[in-house]
Amino acid sequence: MLVTCWSAKGGTGCSVIAASLALTWSRAGHDVLLVDLGGDLPAVLGLPEPPGAGLTDWLRAGPDVPADGLARLEVEAGPRLALVSRGGADLDDGGRLAVLAGLLASASRPVVVDAGVVADDSALVPLVAEARHALLVTRPCFLALKRLSTSSVRPNGVVLVSEPGRALGRADVEEVAGAPVVAEVAADPAVARAVDAGLLSSRLPRLLERSLRPVVR
Numbered sequence: 779m780l781v782t783c784w785s786a787k788g789g790t791g792c793s794v795i796a797a798s799l800a801l802t803w804s805r806a807g808h809d810v811l812l813v814d815l816g817g818d819l820p821a822v823l824g825l826p827e828p829p830g831a832g833l834t835d836w837l838r839a840g841p842d843v844p845a846d847g848l849a850r851l852e853v854e855a856g857p858r859l860a861l862v863s864r865g866g867a868d869l870d871d872g873g874r875l876a877v878l879a880g881l882l883a884s885a886s887r888p889v890v891v892d893a894g895v896v897a898d899d900s901a902l903v904p905l906v907a908e909a910r911h912a913l914l915v916t917r918p919c920f921l922a923l924k925r926l927s928t929s930s931v932r933p934n935g936v937v938l939v940s941e942p943g944r945a946l947g948r949a950d951v952e953e954v955a956g957a958p959v960v961a962e963v964a965a966d967p968a969v970a971r972a973v974d975a976g977l978l979s980s981r982l983p984r985l986l987e988r989s990l991r992p993v994v995r
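The number in our numbering is simply the position in the sequence shown, starting from 1, with 778 added.
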């Protein structure tokens, strides 16, 4: 099962949601692969940047890469959780992101991708199109919803990071996204503290885990 977390605008918490979703799934007893195309997941999980090649290097290697080349990039990120890091090269896929999307969609274990910001002209669109759960991660932010309203990239579910005092709410987000809110996560200072301390992986805040459980059922 492929789950792609993406956003229409930066600063929504997409990487934290992707990491937390993968952690929630692994804690439920599943082997999970977490794929980093945003570049921040090692830091979010409190891990050092994995040495050597990353996903961007696999994409650049072309069709002659060994069949198990992608699996060789995996590093342990926690119990039952593997991570493929972004790598240091530019995201120049040569059309291989569609191949990657197909591989991940056919995997026998849950795969969570942090795709970061995805716009109409993004090479990452296939990872949204192939996902069983194409999850838009957004705040009830006018600028984010305005950008989404002009985009042809559409989610089939929304993870809403709710904030007190916003003029917009759940109904507004669902109307613009054309998709239901499948999880609503409160903007919680405890999450920021866990990330800042490098403890998200070992001390995933319970409120965040509970909020994401409906997605992993």
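Just so you know, even glycine gets a beta-carbon here, dropped at the ideal spot from N, CA and C.
In this text, all values refer to a predicted model and were calculated from it rather than measured experimentally.
Assignment of beta-bridge partners to residue 784 by DSSP yields 894 and 914. With a 10 Å radius around the Cβ and a threshold of 16 neighbouring Cβ atoms, residue 928 comes out exposed. The DSSP assignment places complete alpha helix (DSSP H) segments of no fewer than 4 residues inside the stretch 934 to 979 at 948 to 955 and 967 to 974, in order along the chain.
Every unbroken stretch of the alpha helix (DSSP H) spanning 4 or more residues and falling wholly within the stretch 793 to 839 is given here in chain order: 819 to 822 and 833 to 839. Closest option to residue 824, judged by alpha-carbon separation, among 990, 975 and 986: 975. Residue burial annotation: residue 830 is exposed, with fewer than 16 other C-beta atoms found within 10 angstroms of its C-beta.
For the set 791, 919 and 908, the Cα lying nearest the Cα of residue 946 is the one of 919. When the five nearest sequence neighbours on each side are left out, the beta carbons in the same chain lying within less than 6 Å of the beta carbon of residue 879 are those of 904, 905 and 908, in order along the chain. When beta bridges are read from the DSSP output, residue 854 appears opposite 860. Using a C-beta cut-off of 8 Å, the stretch 935 to 943 makes contact with the stretch 788 to 801, since at least three inter-stretch Cβ pairs fall below that distance. Looking only at 855, 818 and 978, the smallest Cα-Cα distance to residue 810 is reached by 855. Comparing alpha-carbon positions, the option among 959, 914 and 814 lying closest to residue 925 turns out to be 914. In the three-state reduction of the DSSP assignment, residue 931 falls in the coil class.
Exposure of residue 932 is indicated by the presence of fewer than 16 other C-beta atoms within 10 angstroms of its C-beta.
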